[in-house]
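Down below is the structure, laid out as C-alpha cells.
In this note's numbering, the protein residues as written are 3 to 136.
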C-alpha cells in the first residue's frame, strides 16, 4: 500500500553527514521545540519550513536560535531537498499521533536516516482471515 507517494526524482540522494535537520510547518503540533531540545545536547540543527504559528515561533523557537541551531526559512523544494540530502539525520518530532508524515519518505529518498518520536504512528489496516490451514 502506498499512502502518500513522492516523486523520487525530486528528492535525490545527497552527501549526508552534515547537521541534523528538522523541517515542516512551524506549529506546536509538529514539535520543532522538541527537535531543538534534542539538539541542545550538543549537535548542530537546521530547521526549515513556513512559520504557520507566529506566536509559537516567537515564544518557543526564535529565543533558542543561534550558535549550532539555525532557522533556514521556508525553502523552495529544490533547496529543501539539498538540505535534507546533506543532513546527518532528519528529526521527526510530532506532538500528536500523526498517522503518516511525508518528511519520512522524503528524507529516506535522499538517503538521510530518520529519527522519529513516539507519536508518529504507521497504522496499517489489519484483516483477519481464515486460511483453512488449521
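Every residue gets a Cβ at the ideal spot worked out from N, C-alpha and C, and that includes glycine.
Predicted model, so just to flag it, every value in this text is computed and none were measured.
{"query": "Just checking residue 15 against the ligand NAP - is the residue's beta carbon closer than 7 Å to any of the ligand's heavy atoms?", "result": "The ligand NAP is not part of this structure, which contains no ligands at all."}
{"query": "What number of angstroms, rounded off, separates the C-alpha of residue 58 from the C-alpha of residue 25?", "result": "15 Å"}
{"query": "Starting from the N-terminal side, write out each stretch of the beta strand (DSSP E) that is 3 residues or longer and does not extend beyond the stretch 48-115.", "result": "71-73, 91-94"}
{"query": "Give every residue of the same chain whose Cβ lies closer than 6 Å to the Cβ of residue 16, excluding the five residues on either side of it in the sequence, and list them in chain order.", "result": "87, 88, 112"}
{"query": "Using the C-alpha atoms, what's the distance from residue 28 back to residue 56?", "result": "8 Å"}
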